[in-house]
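Participant:
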Amino acid sequence: MPNYWIFKSEPEVYSIDDIKRDQWTYWDGVRNYEARNFLRDKVKKGDIVLFYHSNCEEPGVYGICEVIKEGYPDFTQFDSSNKHFDPRSKKENPTWFMVDIKFLKKLKKPVTLEEMKKNSRLKNMRLIRKGNRLSILPITKEEYEEILKMSKS
DNA sequence: GCCAACGTTGGC
DNA sequence: GCCAACGTTGGC
2 MPNYWIFKSE PEVYSIDDIK RDQWTYWDGV RNYEARNFLR DKVKKGDIVL FYHSNCEEPG
62 VYGICEVIKE GYPDFTQFDS SNKHFDPRSK KENPTWFMVD IKFLKKLKKP VTLEEMKKNS
122 RLKNMRLIRK GNRLSILPIT KEEYEEILKM SKS
């Protein structure tokens, strides 16, 4: 039984079309402890990821990916030339973790944040709660299936 | 570009 | 350990 997740990305930085082109990516740059805990402890190989575009024209879910490698140290934390460099993190005890995901498909029709807010079956999702800033969010199987349904209607 | 929400930092 | 200041996220 896979778990289901929403991963947020700003399409200007990395979009669903970028991962479609690359076929897979490492999910680097997560620098929030709650999201880190999910990546390190909870996100498992075979889990399903909804790819969400944030901070853009039409925020929403644009595609589906699958976890192909479980939590391992995010190498960008040790790279002083990287935007996500963390000078306090030690190699023998890394602070930040990443997973690898592969592209499965783009949704025929993206499911927008606005549509998800209107759907009462999705009202418990942290994603649609005001002020939510977490970039890695767990969702239930039911919520996942509901979003897929919405992409077909 | 604005600004509310919220996590992190650091002085005390 | 409190909490004000600050930085970031992300919808609008």
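What the first sequence shows, in my numbering, is residues 2 to 154, in sequence order.
Ideal Cβ placement from N, Cα and C applies to all residues, glycine included.
Predicted model only: the values in this text are computed from it and were never measured.
1) Count the CB pairs spanning the stretch 63 to 80 and the stretch 93 to 106 that are closer than 8 Å, and state whether there are at least three.
2) Just grab the DSSP bridge partners of TYR73 for me.
3) Look at the alpha carbon of ARG41 and the alpha carbon of LEU123, and state the distance between them as a whole number of angstroms.
4) Let's see if you can read the secondary structure: which residues bound the beta strand (DSSP E) around SER10?
5) If distances are taken between C-alpha atoms only, which option among GLN78, MET2, GLY61 comes closest to SER136?
6) Looking only at C-alpha atoms, which of SER82, LYS70, ARG127 sits nearest to MET99?
Facilitator: Looking at the atomic coordinates:
1) A contact exists between the stretch 63 to 80 and the stretch 93 to 106.
2) Numbered from 1 along the first sequence, position 72 holds the residue referred to as residue 73. When DSSP reads this structure, TYR73 sits in a beta bridge with MET99.
3) Mapped onto the first sequence, residue 41 falls at position 40. Mapped onto the first sequence, residue 123 falls at position 122. If I take the Cα positions, the gap works out to 26 Å.
4) On the first sequence, residue 10 is found 9 positions in, with the first residue counted as 1. 5 to 10 is the extent of the beta strand (DSSP E) around SER10.
5) Position 135 of the first sequence, counted from the start, is the residue given in the question as residue 136. Among GLN78, MET2, GLY61, the Cα nearest to that of SER136 belongs to GLY61.
6) Here residue 99 refers to the residue found at position 98 of the first sequence. Comparing C-alpha distances from MET99 to each of SER82, LYS70, ARG127 shows the shortest one belongs to LYS70.
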